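**Q**
In this note's numbering, the protein residues as written are 14 to 139.
1. Look up residue 100 in the DSSP assignment and say whether it is helix, strand or coil.
2. Relative to the alpha-carbon of residue 113, which residue among 40, 22, 16 and 17 has its alpha-carbon at the smallest distance?
3. Enumerate in chain order the residues of its own chain whose CB-to-CB distance from residue 44 is below 8 Å, with the five nearest sequence positions on each side excluded.
4. Looking at the secondary structure, which residues open and close the alpha helix (DSSP H) in which residue 129 lies?
5. Work out the CA separation of residue 93 and residue 68 for me, nearest whole Å.
6. If you run the structure through DSSP and keep just helix, strand and coil, what is residue 63?
7. Helix, strand or coil: which one does DSSP assign to residue 77?
As structure tokens, then:
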């Protein structure tokens with residue numbers, strides 16, 4: 014049941030375009046006691062069907078800029094290959110610390126941005 018709940022919330026976050034892995038990986042590591050390397054691979058594989066359905070809805074709502082997709086996908090694939098090889102040489106403990114530091118930085122950035130922007134004055138992107 015715990016895994017299903019974690020997957021549900023990761024799907025919600027992923028569907029909103031914020032990356033379900035930011036929820037899924039820490040939740041699997043912290044609450045399900047899964048090794049970080051296994052959690053990363055589970056995240057990658059489980060994101061495929063979630064991404065397909067979310068993408069179809071975003072395309073239907075005309076929220077995809079296709080000219081951005083090719084360079085991002087191309088260099089993303091190159092980065093994924095590189096990252097996969099690097100992850101094989103790093104310990105799970107170090108990967109956990111790197112990912113935690115990344116989440117801390119992103120969280121601090123979002124808090125700072127939220128403080129700097131006046132309430133109710135969020136910029137809408139077209």
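Note that beta-carbon positions come from the ideal geometry of N, C-alpha and C, so glycine has one too. Keep in mind the model is a prediction, meaning the values are calculated, not measured.
**A** On the basis of the coordinates in this document:
1. Of the three classes helix, strand and coil, the one that applies to residue 100 here is helix, per DSSP.
2. Residue 113 has its Cα closest to that of 40, out of 40, 22, 16 and 17.
3. Hits under 8 Å: 15 and 19.
4. Taken as a continuous stretch (DSSP letters only), the alpha helix (DSSP H) holding residue 129 covers 105 to 129.
5. Each residue's alpha carbon lies about 20 Å from the other.
6. Residue 63 falls in the helix class under three-state DSSP.
7. In the three-state reduction of the DSSP assignment, residue 77 falls in the coil class.
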